[in-house]
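Contents: one structure, followed by commentary.
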Amino acid sequence: MPDDAAAQREFEARIAAGETVEPKDWMPERYRKQLIRMMSQHAHSEIVGMLPEGNWITRAPTLRRKMGLLAKVQDEAGHGLYIYCGAETLGVSRAELIDQLLTGKAKYASIFNYPTLTWADIGAIGWFVDGAAIVNQTMLAKASYGPYARAMIRICKEENFHKRQGYEIMATLAAGTPAQKRMAQDAVDRWWWPSLMMFGPSDKDSPNSAELTRWGVKRKSNDELRQRFVNLTVAQARAIDLTLPDPALRYDEATKDWHFGPIDWAEFDRVIHGDGPLNRERLAARNEAHASGAWVREAAAAYAAKRAAESGGSAAAA
Ligand code: BYC
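My numbering numbers the first residue of the sequence shown as -3 and each following residue consecutively.
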């Protein structure tokens, strides 16, 4: 059925007035589709994002570090689940979304296609990747779609803990032996630029931004958020004596921004189109995990069916 023009006008007026859209409200089909795309990509990112960090659970250097990392990876699973639930309120099934991930049709955050080579990479992910996610998701906590915005509030609280944990790992390594400091610097050198790419293409090359901004899903642009992240991170790097790998970084008194050098968008394009360092391995790992979890899904479905039959039986008896 074509969108009714009056309903569309009313919808846009509600957005302009700062109202939140809820699952049963009328919404343009295109709004629904854009949110399903964005929320499902976000949920997939949380789930695939468990892989690079999960790689270090068995090799964390101390019991304390292992407990922290285990908790973080579990949190990411929880984030994925909240956001899948949020996406389901838009009328799409979880099975369909997961199928899109497993068959490579859906995107997930580019950053998770890079390898975690040393323990310092776990610090760099917490500091940069969760740090970037907080900047982006603090904005999304004001998104016009209620279930997405509310999920972001809780997720941001947990990401703050993750970021501090990662920064503390980096601070400890940076103040350690020369070899530990080199390890920390090497992780910074490898994760800095991919972290800047997390915010998406620059505004002039971002096809979805105009629509998402008009509908109050995005409240700040990709470039604005990237700049905010750089501005916050420069001082943090200095405080622990690590160097961001960008000779072009310079402070602009007039704008109070740290200008940064050019991003390698060709690399970003390769990674989001399936040709990054670990895209194939990540998809293979998710497919394997999904296949080996089939018995859990079957058992849960059988249990739910049994409970439904029992409660149907008792309702009939009553
Ligand atoms: N990676 O028009 P644009 C975490 C795609 S996980 C891959 O600007 P939009 C964590 C984009 O999808 C947190 N693809 O798009 C987890 C679009 O392609 P399609 C992850 C990207 O939607 C575990 C095309 O490029 N956060 O914190 O307006 C451990 C054009 O882009 C990327 C989120 O997911 C990318 N980086 O803006 C540790 C945040 N960037 O779909 C930590 C939610 C762009 O048209 N998402 N693309 O084929 C968003 O805020 C927005 O969707 C984006 C992109 C800013 C990412």
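We put the CB at the ideal spot given by N, CA and C, even for glycine.
Within the region 92 to 139, no run of beta strand (DSSP E) reaches 3 residues while sitting entirely inside it. By the Cβ test, the region 283 to 297 is not in contact with the region 219 to 226, since fewer than three Cβ pairs between them sit closer than 8 Å.
Inter-residue distance for G119 and A167 is about 9 Å (C-alpha atoms, whole angstroms).
By DSSP's assignment, H255 forms a beta bridge with R246. Set against 8 Å, the gap from the CB of Q37 to the closest heavy atom of the ligand BYC is smaller. With a 10 Å radius around the Cβ and a threshold of 16 neighbouring Cβ atoms, Q161 comes out buried.
Distance from the C-beta of N218 to the nearest heavy atom of the ligand BYC is below 8 Å. Remark: the C-beta of M23 is outside contact range of the ligand BYC, defined as less than 8 Å to any heavy atom. Following the DSSP letters along the chain, one finds P143 inside the alpha helix (DSSP H) bounded by residues G142 to A170.
CA-to-CA, the gap between Y78 and A147 works out to about 6 Å. Less than 9 Å separates the beta-carbon of V213 from that of Y144. At a Cβ-Cβ threshold of 9 Å, V125 and I107 count as neighbours.
Here the distance from the Cβ of A129 to the nearest heavy atom of the ligand BYC is below 8 Å. In this structure K159 is buried. Its beta-carbon is surrounded by 16 or more other beta-carbon atoms within 10 angstroms. Residue burial is scored here from C-beta neighbours: E294 has fewer than 16 other C-beta atoms within 10 angstroms and is therefore classed as exposed. Straight across, the Cα-Cα distance linking V131 with I236 is about 21 Å.
Assignment of V44 by DSSP, reduced to helix, strand and coil, places it in the helix class.
In this model, Y110 and A13 are separated by some 41 Å (Cα to Cα). For the pair G100 and L279, the CB atoms are nearer than the 9 Å cut-off. Between P258 and Y104, the alpha-carbon positions lie close to 23 Å from each other.
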